[in-house]
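Residue numbers (full-length UniProt numbering), protein chains in the order written: chain A, 1 to 376; chain B, 1 to 376; chain C, 1 to 376; chain D, 1 to 376.
Quick reminder that beta carbons are idealized off the backbone N, C-alpha and C, glycines included.
4 protein chains.
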Amino acid sequence: MTTDVRSEGPVRIQMADGPGQPPATPELAKLYREFESELLVPLWTEIGDLMPADPRSRAAAHRWRWDRLRDMAGQAGNLVPVGRGGERRAIALANPGLGGRPFATPTLWAAIQYLNPGEDAPVHRHSQHAFRFVIEGEGVWTVVNGDPVSMRRGDFLPQAGWAWHGHHNLSETPMAWIDGLDIPFQYQTDATFFEFGPDEVPTRQAPHRSKSERLWGHAGLRPLTHMAPSPASPLLAYRWENTDRALHDQLALEKDGYPATLEPGHAAVRFTNPTTGSDVLPTIRAEFHRLAPGTASSGSREVGSSVYTVFEGQGRVNVGSAFWDVERGDLFVVPSWQELRLESENGMDLFRFSDTPIFERLDLGRHRAIIEETQA
Amino acid sequence: MTTDVRSEGPVRIQMADGPGQPPATPELAKLYREFESELLVPLWTEIGDLMPADPRSRAAAHRWRWDRLRDMAGQAGNLVPVGRGGERRAIALANPGLGGRPFATPTLWAAIQYLNPGEDAPVHRHSQHAFRFVIEGEGVWTVVNGDPVSMRRGDFLPQAGWAWHGHHNLSETPMAWIDGLDIPFQYQTDATFFEFGPDEVPTRQAPHRSKSERLWGHAGLRPLTHMAPSPASPLLAYRWENTDRALHDQLALEKDGYPATLEPGHAAVRFTNPTTGSDVLPTIRAEFHRLAPGTASSGSREVGSSVYTVFEGQGRVNVGSAFWDVERGDLFVVPSWQELRLESENGMDLFRFSDTPIFERLDLGRHRAIIEETQA
Amino acid sequence: MTTDVRSEGPVRIQMADGPGQPPATPELAKLYREFESELLVPLWTEIGDLMPADPRSRAAAHRWRWDRLRDMAGQAGNLVPVGRGGERRAIALANPGLGGRPFATPTLWAAIQYLNPGEDAPVHRHSQHAFRFVIEGEGVWTVVNGDPVSMRRGDFLPQAGWAWHGHHNLSETPMAWIDGLDIPFQYQTDATFFEFGPDEVPTRQAPHRSKSERLWGHAGLRPLTHMAPSPASPLLAYRWENTDRALHDQLALEKDGYPATLEPGHAAVRFTNPTTGSDVLPTIRAEFHRLAPGTASSGSREVGSSVYTVFEGQGRVNVGSAFWDVERGDLFVVPSWQELRLESENGMDLFRFSDTPIFERLDLGRHRAIIEETQA
Amino acid sequence: MTTDVRSEGPVRIQMADGPGQPPATPELAKLYREFESELLVPLWTEIGDLMPADPRSRAAAHRWRWDRLRDMAGQAGNLVPVGRGGERRAIALANPGLGGRPFATPTLWAAIQYLNPGEDAPVHRHSQHAFRFVIEGEGVWTVVNGDPVSMRRGDFLPQAGWAWHGHHNLSETPMAWIDGLDIPFQYQTDATFFEFGPDEVPTRQAPHRSKSERLWGHAGLRPLTHMAPSPASPLLAYRWENTDRALHDQLALEKDGYPATLEPGHAAVRFTNPTTGSDVLPTIRAEFHRLAPGTASSGSREVGSSVYTVFEGQGRVNVGSAFWDVERGDLFVVPSWQELRLESENGMDLFRFSDTPIFERLDLGRHRAIIEETQA
């Protein structure tokens, strides 16, 4: 390695040795300085980082504890007002590998949001696709394009980009939930639009079922007024009762000898857009997984990153070289192509979201099941 | 019109007069005889029939009375055994314009099927897409690819082409239901395959919910084991309770001022394939319509033919120049491009199926709402 | 077989014996008479015809001789005027199995069209998809939506349904060509619309290349003004020079050891819509096949029917149980699911069109290569 | 703005004032420190940067001069060997806003590559989609999956991800060309795979036309052996002669009064995948634009970033607030949502590539034509 003088501009090229590197001569140093002044960078010094044999994410596998998140959010509830400008009392996971930015993964945002009794999170809209998922509590209604949607434990609430939305807490107690969005993806690729709406949500109605559920919440039945495919799901709430029943049915079918689970003891459903049968949001996949007591998943890797949260139960998680015990509410991140294994002695329910649709839609998806090697 | 000698072969060309017709000379007669012997037919004598300004179906608008169908089916139940060879005790609607063939429309088959207590309709499979719809009664299980599916009033049960299926009646009373298939379409276009299976259905199990419902009957939730789109719906039963609730919700939303119905007082849902969000079968559209009391639909026409059956209530139907009073169980046919109007004083529920997916998938679909003209 | 009294109405049910048939009792006869008066037909008497083990087309394998067609067309050129009402001097192949109708197959129309020097075939449009294919001659321009397109030997000229079109012969000699349309399909399914335009084509311009070719005739290059997919090809002429070169290239690649031909000695291209890469017309597939000298194709069957015409050379054709020697211009029909084999001692070029897209788009397609069985 | 103590870990939260910010109290400072230690970041301090009203790219509009690039590449040709490890003698544009990384835009890589007579760039493959575009020179063959493809001035040569490829220079002179890839996109999203092949290209054959062109280079004609859609174009060379002719035809059609150009005097074609009719590569759009002499384009913006290179002629470019004179070979970058205007007194041809398919496939695309405001 030859030391060289630092350039003034943004580009800085270091000589390297190793296979495929040119001899470190004064002429080369001079050429590199010219490259820098012309805003040029050679491939041969960068290829190892840029084009590895398989994805080497800068993002780290990491776990956040729910009790700490919940506590932080409660403190923010006392110190931080919610209103126009800050828009949301949301606190985001910052992956330790991503430079302190509020990015759970290179593409995904995950945050805890907190709303005190009587508060309004003001109305706005943005190109980012979003969802809410409720670990615990209730009392908040999100109002999406004028339709008030209740939020209760276990509910998954997707929201298409560019839909107007605000929230208000009609209960007597604070409520916290998890927000997922594709903010890092749209930020990195410069696709983001944002617009302010009214400071207060347009209705104080608090129906048990939203209009969207009355119109779309009937399996396999579509209203004739809405037959065009829509990029994101028009169903604004996927209720826990249904998810729970679907997972229960899969495990019961498995007991009956019928192929219904992803692997023995491992039930899983994907939230889908009823107008297309595919992912609920164009850039975000959302799923619910249930491990029956005594189940260990096989290992798998895939292109793209995921965030998991434990909805109920306890278990042990292995991501790449990291191992954690996890329990209700804990969140953890699986970077691209890192191997994931889950196990639980007494059973565990997990909510997962990922950026996989981005890769599948661009024909860049890969998935690999890890076959266990056993010794004789 | 010139009389001419009949040819020996299958082709026979008649001279005509009128716009665009050649002068009826002996030379022309001789040429037409040569055409006949060469198996040739001119366009100019046929164009008026073949290429009308808009569809002029040979099929007629027609209504069949449920009480008569039910009675015929009962008599057949006494006289006609069900078993291998005849395969099904099914009695089909024969449109009076279609030459006595068992074709409700040029593309669709509609029949009443009848099964006595303890009987088995033997297992077979065919390329034709099919469904069952239950006007009244219960007690029969259809077993599709080994999965027993109960049949109850109001249920819609689609079945993809090439699925093995048989039926058996486990109750103490006969049961009748409606079969819909695309037999005429596949027959006319030479696409039909058929294979015999066992003489008896492979299981006597009679569960309340089929495996398919346990796997697929959860709105917006897909099992991770089955993520590829399938041409036809994997959900084998669309239960009346859900359909009824969806229609009820639409009318309630309409009352709340929210756009949910097809037109005022007219709720409608389409049965869809949860893996694609589109029609439940590749060649057959199926829908349920509810007219609130005092509702008259606006007129409309579309390319393709439909069969309707009254599920509940009474009303008045106008198809082209035909007018009928209809009540529970009555079936009627709407030929392509004929105008349809429905009205009901006390409310009416209708099940409809049609061949519209054929035209939509081939970019041949057209639909026209009839705007009422009012005079000052 | 029991004789029974003929009914008055269109339906007539005959008692049958055989497997699955009910005992021929007076009660059954009475029931059948009631069926007839109610416009009902049982499945059990019809199933053998309606639902065979595999497609049994009423259409027959048949060949028409080009010299006879050409001669008939010439005679019609003398006797039959072309103009409004008759619209086209076109003479259609009438399959001997299809009741004397001008249907080459149950779905396809094939005709020879003939235009004298100076004549105009008047402008009209129709929902039927159409193409022209030129066996020999030139001098006619077809004007499609105002764009004049020359027609020369070997050219394939597709035309989307509902495009305005007329033809005129600007040369000093008559010209004949082949028309292909989906008239029988749209007729049988009641999808047909038709509208008259002006009696004369809107332009006498006779450019060598049409506007459509100037805009669309550049492989892989799309004008930015036209990026939406269109159901049918916007390219109005596929010139023989290109087709010939593509076939030549495939055989040359085969010689170079590169997999390019359908089977040894058998080159084949499909005409496609550049906006989608799929079939050139929504209901019609069009292809060109070249057998190198000494080539015998393997046998194959597929769902759907085809019409072939020999463009150049000679050969021997086997369709089901029919065998013909064929030469330039001869046309022959391959009904659904009948086995086809082609061979040629000195080489043969064939143009083919079929209704396969109908079945593929409806998930009804099946294809089977016939593996030769050899004896030891 | 309150100064606060720097945290130890990767996260660092600064207090801010302004709309929606909480009062800067010691309690808040303490909470922020806790956030940092828990790897959490609030939305309210970040939202202005993360969710702007419209895309605010960190990438800058910038132009690189071809003569400088060409000169640098030539120097590298003397000093830098090409071979295994460094893989390619490629020198990438480093956008001044992107931290000195070799990223022309947040998603796109653009480089000049240089090969001396007799040299081989070794075989490898990668998940990144790539293309080559030739400003000047010839003599290099790229061998893609064993198929040698010549490279000549004006040619566009796409190459699907995961195709094996190497290059060799069979001429007596060095050759330089432009490489475009989606390296930054796949790097940022962790989708990248890479594999080494042989050190030398597998063939020294140097045909004028590649096998891919012989198989796929016939407008609208597909080989029957290859009817499945492929994610990227199977045609490995889009030759300048065809592109030139297509652009010429558009301008000639415009003169004839036929709508063919993007706007008056501005012809444009998109390179497309003949198996789908859509973009030539799943993540990269490629186009050629021609401004007739005296043409000024209207302004437009779109989501996503582009790189342009001047192929011929001269002109003036305006991107956002930047203005440049450009000539043959110059490259410039248009960041997302920045307005672009082009004009040329004597005519100018431009090659363009962009990441637009990423956004269109994810339903995130937006485009806006800028309507000129004129003063009275």
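Going straight from the alpha carbon of residue i to that of residue j, what length do you get?
{"i": "P171 (chain A)", "j": "W177 (chain A)", "result": "For the sequence presented, residue 171 (chain A) should be read as Ser rather than Pro. Approximately 15 Å between the Cα atoms of the pair."}
{"i": "E87 (chain B)", "j": "V140 (chain B)", "result": "16 Å"}
{"i": "E339 (chain D)", "j": "R63 (chain D)", "result": "15 Å"}
{"i": "E312 (chain D)", "j": "H218 (chain D)", "result": "27 Å"}
{"i": "L50 (chain B)", "j": "V41 (chain C)", "result": "28 Å"}
{"i": "F194 (chain D)", "j": "I47 (chain A)", "result": "10 Å"}
{"i": "L331 (chain B)", "j": "D147 (chain B)", "result": "30 Å"}
{"i": "S210 (chain A)", "j": "D155 (chain A)", "result": "13 Å"}
{"i": "A111 (chain C)", "j": "W337 (chain C)", "result": "23 Å"}
{"i": "T283 (chain A)", "j": "T272 (chain B)", "result": "24 Å"}
{"i": "S7 (chain D)", "j": "R33 (chain D)", "result": "Low per-residue confidence applies at S7 (chain D): pLDDT is 46, beneath 50, and the placement is therefore not dependable, though the value from the model is reported in the following sentence. Roughly 7 Å separates the two Cα atoms."}
{"i": "G99 (chain C)", "j": "T309 (chain B)", "result": "34 Å"}
What residue does the alpha helix (DSSP H) around residue i start on, and which one ends it?
{"i": "T243 (chain A)", "result": "240-255"}
{"i": "E360 (chain C)", "result": "356-361"}
{"i": "E38 (chain C)", "result": "Careful: E38 (chain C) lies outside any alpha helix (DSSP H) and carries neither H nor E."}
{"i": "N78 (chain A)", "result": "66-79"}
{"i": "L215 (chain A)", "result": "211-216"}
Given a threshold of 16 other Cβ atoms within 10 Å of its Cβ, counted over all protein chains shown, does residue i qualify as buried or as exposed?
{"i": "G18 (chain A)", "result": "exposed"}
{"i": "D71 (chain B)", "result": "exposed"}
{"i": "T374 (chain C)", "result": "Its pLDDT being 42, under 50, T374 (chain C) is placed unreliably by the model, and nothing is read from it."}
{"i": "H168 (chain C)", "result": "buried"}
{"i": "E27 (chain A)", "result": "exposed"}
{"i": "N346 (chain A)", "result": "exposed"}
{"i": "G277 (chain A)", "result": "buried"}
{"i": "N78 (chain B)", "result": "exposed"}
{"i": "H165 (chain B)", "result": "buried"}
{"i": "D325 (chain D)", "result": "exposed"}
{"i": "A191 (chain C)", "result": "buried"}
What is the C-beta distance between residue i and residue j, in whole angstroms, given that I count them as a contact (C-beta under 8 Å)?
{"i": "P106 (chain C)", "j": "Q159 (chain B)", "result": "At roughly 25 Å, the Cβ-Cβ gap does not stay under 8 Å, so P106 (chain C) and Q159 (chain B) are not in contact."}
{"i": "I91 (chain C)", "j": "T45 (chain C)", "result": "In fact, because the Cβ distance is near 39 Å, the residues do not count as touching under 8 Å."}
{"i": "L236 (chain B)", "j": "V144 (chain B)", "result": "5 Å"}
{"i": "L115 (chain A)", "j": "P198 (chain A)", "result": "Actually they are not in contact, since the Cβ atoms of L115 (chain A) and P198 (chain A) sit about 17 Å apart, beyond 8 Å."}
{"i": "R368 (chain A)", "j": "S300 (chain A)", "result": "7 Å"}
Just curious, the beta strand (DSSP E) that residue i is in, first and last residue?
{"i": "D150 (chain A)", "result": "The question names Asp, but residue 150 (chain A) is Ser in the sequence shown. Element bounds for S150 (chain A): 147-152."}
{"i": "G315 (chain D)", "result": "306-319"}
{"i": "G48 (chain C)", "result": "G48 (chain C) -> not in any beta strand (DSSP E); alpha helix (DSSP H) instead, spanning 47-50."}
{"i": "P223 (chain C)", "result": "221-223"}
{"i": "P158 (chain D)", "result": "156-159"}
{"i": "I178 (chain D)", "result": "175-181"}
{"i": "G166 (chain A)", "result": "165-169"}
{"i": "W109 (chain D)", "result": "109-115"}
{"i": "W141 (chain A)", "result": "138-144"}
The segment 252-271 of chain C contacting the segment 208-226 of chain D, beta-carbon criterion three pairs below 8 Å: Segments in contact, yes.
With a cut-off of 8 Å, do at least 3 Cβ pairs link the segment 179-186 of chain D to the segment 125-133 of chain D? yes
Inter-stretch contact at 8 Å, needing at least 3 Cβ pairs: the segment 298-311 of chain B / the segment 102-119 of chain B: yes
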